[in-house]
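First up is the structure itself, then whatever we jot down about it.
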Amino acid sequence: MFWKFDLHSSSHIDTLLEREDVTLKELMDEEDVLQECKAQNRKLIEFLLKSECLEDLVSFIIEEPPQDMDEKIRYKYPNISCELLTSDVSQINDRLGEEESLLLKLYSFLLNESPLNPLLASFFSKVLSILISRKPEQIVDFLKRKHDFVDLIIKHIGTSAIMDLLLRLLTCIEPPQPRQEVLNWLNEERIIQRLVEIVHPSQDEDRHSNASQSLCEIIRLSRDQMLQVQNSSEPDPLLASLEKQEIIEQLLSNIFHKEKNESAIVSAIQILLTLLETRRQTFEGHIEVCPPGMSNSTYSVNKSVLEAIKTRLSSFHELLLEPPKKSVMKTTWGVLDPPVGNTRLNVIRLISSLLQTNTSSVNQELIELNSIGVILDMFFKYTWNNFLHTQVEICIALILASPLESTDNGTITDQDSTGDNLLLKHLFLKCQLIERILEAWEMNEKKQAEGGRRHGYMGHLTRIANCIVHSTDKGPNSTLVQQLIKELPEDVRERWETFCTSSLGETNKRNTVDLVTTCHIHSSSDDEIDFKETGFSQDSSLQQAFSDYQMQQMTSNFIDQFGFNDEKFADQDDIG
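Just so you know, the sequence shown maps onto residues 1 to 576 in UniProt numbering.
If you want it as structure tokens, here you go:
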């Protein structure tokens with residue numbers, strides 16, 4: 001067998017290294033240079049550790065390559081240099097982390113004017129990140145001595161790689177005490193206040209977005225760390241700073257400037273939504289299931305955050321009525337003037353998150369402003385915007401399922417003098433939810449009978465109607481819901497009862513059969529199904545089973561899975 005003999009040919013790199021005049025570029029031109037470096041090729045490592053070689057590798061990363069080079073190979077050497085320096089070879093990490101001149105050379109990249117070259121910035125960030133991870137004490141000490149480090153991070157925060165570097169400082173240092181020292185240092189440098197200052201109409205969109213994302217990640221990282229180290233005597237100073245009422249007030253003051261800037265508004269709302277999160281994300285797009293209003297949340301919402309938002313609810317409400325100016329949007333089904341827009345969609349997401357906290361003073365403010373009525377109007381006006389429909393559905397489900405409200409001091413109280421849910425009364429009486437459902441359903445049936453297209457919100461309307469039926473029978477506010485329906489005008493009540501047993505019941509039966517058989521895919525507007533062929537009788541138990549199934553999705557998984565993260569599916573500039 002040939003493997004009994006040492007027929008392994010030596011690497012061409014070894015051959016090159018035998019030459020005294022071999023250059024760094026010649027080695028970098030070899031296809032297997034990275035493989036040999038990671039395999040700890042002794043001769044290659046010794047060559048790379050030469051002072052002049054390490055300086056050249058760093059120079060490739062921080063200096064703009066010549067403009068006259070072919071674009072295909074222009075970043076070849078910077079890329080390979082980055083890969084060599086981040087190949088996690090201990091000798092290279094030691095030299096880079098301990099040799100001041102090399103660190104100063106690397107650091108000099110931050111001294112460039114904005115905007116930084118994004119590709120070179122990613123190389124720089126990657127190299128410094130691995131040094132922070134492998135040589136935390138030396139690198140943090142070096143950065144602390146550079147008094148302009150935080151200034152430069154803020155200056156270049158519009159470059160995503162620099163934002164990543166900031167977050168690396170918080171995630172790459174694992175020992176509790178060194179990590180706490182970094183947090184204290186960044187807090188002393190007022191990193192939170194300075195990031196909040198960036199979310200302002202005077203700044204550009206990249207800086208808005210990255211500052212907002214940095215603050216959101218700081219919140220989540222801090223909370224996760226607090227869960228892991230529950231016995232820690234020191235609170236997280238960055239989270240404590242961000243949760244101060246004056247900081248949130250400053251953030252809101254920034255965005256409610258004379259100029260309505262959508263980028264700044266949306267970025268600020270993202271921060272507020274993160275502060276209002278009460279559960280940890282288990283995986284992307286999903287949150288641990290916890291019924292709305294229940295107290296067994298993973299995180300608690302700071303009361304100062306709620307108080308700061310409450311004082312500005314009228315400003316958010318005004319955005320629903322008069323959002324930032326947007327161009328008329330022409331679509332295949334008509335003209336939107338104005339379109340929903342990202343601002344209003346995010347304001348509604350904020351309202352749904354506030355409803356999740358079920359705070360008495362916030363609910364009272366929403367009632368006085370009639371914010372629920374406004375978003376219900378938008379639900380029916382924008383027939384085809386399912387992002388909007390989803391959020392409005394969540395708001396209604398939360399109101400229907402909300403238990404006793406919590407006051408600003410955290411105690412549980414009756415909702416009003418009779419123990420009734422004021423927001424639920426508002427939904428039925430002022431917003432006329434039942435009447436709106438009946439009117440929209442009848443309008444859709446008439447349109448379809450004339451050969452028109454089924455309205456885009458009908459699936460959501462079916463779920464909302466089922467949610468009301470479920471709340472009447474089994475919900476935490478069933479007595480009040482029954483009373484509110486009983487007090488409807490007689491003709492409306494009769495129409496509702498007929499609707500529940502006829503139109504809604506038939507829709508549920510069709511959907512139930514489709515769900516169980518998986519033989520057909522029908523929407524609620526499809527033709528009638530021959531139940532004999534499917535093998536299912538038109539039994540009320542099937543209808544009830546589907547209604548219960550649908551309600552379970554609405555009040556738990558549905559709210560958790562789609563309540564906070566559906567912006568990931570939406571084009572920021574194209575939400576109609």
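Virtual Cβ for every residue (Gly too), placed ideally from N, Cα, C.
In this text the structure is predicted, and so the values were computed from the model without any measurement.
Starting from residue i, follow its DSSP beta bridges and name the residues at the other end.
i: K43; result: K43 is not bridged to any residue.
i: V335; result: K330
Under 7 Å Cβ to Cβ from residue i, same chain only, skipping five residues before and after it: list those, please.
i: L272; result: I309, L350
i: R207; result: I157, G158, I198
i: K474; result: none
i: V22; result: L16
i: N421; result: S402, Q415, N477, L480
i: I88; result: It is worth fixing the name first, because residue 88 is Asp in this sequence and not Ile. Excluding positions up to five away in sequence, the list reads I130.
Let me know the secondary structure DSSP gives residue i once reduced to three states.
i: F546; result: Summary for F546: the model assigns pLDDT 48, below 50, so the residue's position carries little reliability, and this model does not support an answer.
i: R134; result: helix
i: Q35; result: helix
i: C216; result: helix
i: C467; result: helix
i: T512; result: helix
i: M69; result: coil
i: Y107; result: helix
i: T517; result: For T517, the predicted model reports a pLDDT of 49, less than 50, meaning its position is unreliable and no value from the coordinates is stated.
i: Y382; result: coil
i: L238; result: helix
i: V150; result: helix
i: R453; result: coil
i: Q180; result: helix
i: K244; result: coil
i: F256; result: coil
i: D164; result: helix
i: T86; result: coil
i: T282; result: Only weak support exists for where T282 lies, its pLDDT of 41 falling under 50; the coordinates are left without a value.
Leaving out the 5 sequence neighbours to the left and right, which residues in its chain are closer than 8 Å to residue i when beta-carbon positions are compared?
i: K486; result: R493
i: L429; result: L484
i: L57; result: L24, L48, S81, L84, L85
Just checking my contact of residue i with residue j at CB under 8 Å: how many whole Å lie between their CB atoms?
i: C467; j: A397; result: 5 Å
i: P338; j: K326; result: 5 Å
i: L320; j: V347; result: 6 Å
i: K250; j: C216; result: Here the sequence assigns Gln to residue 250, which means Lys is not the residue at that position. Wrong, their Cβ atoms sit about 17 Å apart, outside the cutoff.
i: E137; j: Q180; result: With a Cβ gap of about 14 Å, E137 and Q180 do not count as contacting.
i: P178; j: V140; result: 7 Å
Pull up the distance between the alpha-carbon of residue i and that of residue j, whole angstroms please.
i: I130; j: K509; result: 58 Å
i: L48; j: T343; result: 52 Å
i: L275; j: P489; result: 42 Å
i: H257; j: S214; result: 22 Å
i: V392; j: S314; result: 19 Å
i: L16; j: L27; result: 8 Å
i: F149; j: S108; result: 11 Å
i: V301; j: D491; result: 44 Å
i: Y75; j: P65; result: 7 Å
i: D164; j: F123; result: 12 Å
i: V335; j: V328; result: 7 Å
i: F60; j: E99; result: 18 Å
i: H460; j: D377; result: 14 Å
i: N79; j: L119; result: 9 Å
i: E52; j: L24; result: 10 Å
i: E83; j: I92; result: 12 Å
i: L111; j: L152; result: 7 Å
i: L369; j: E277; result: 24 Å
i: I265; j: I464; result: 29 Å
i: Q245; j: E307; result: 7 Å
i: Q448; j: A268; result: 42 Å
i: Q364; j: N261; result: 28 Å
i: I45; j: L103; result: 19 Å
i: Y77; j: S212; result: 34 Å
i: E189; j: I154; result: 11 Å
i: L195; j: Y457; result: 39 Å
i: F142; j: L116; result: 22 Å
i: H317; j: I255; result: 14 Å
i: G452; j: W441; result: 14 Å
Spatial neighbours of residue i within its chain, please: C-beta separation below 6 Å, excluding the five flanking residues on both sides.
i: A161; result: A121, S122, S125
i: L354; result: V362
i: L242; result: I192
i: I248; result: V305, A308
i: L170; result: L221
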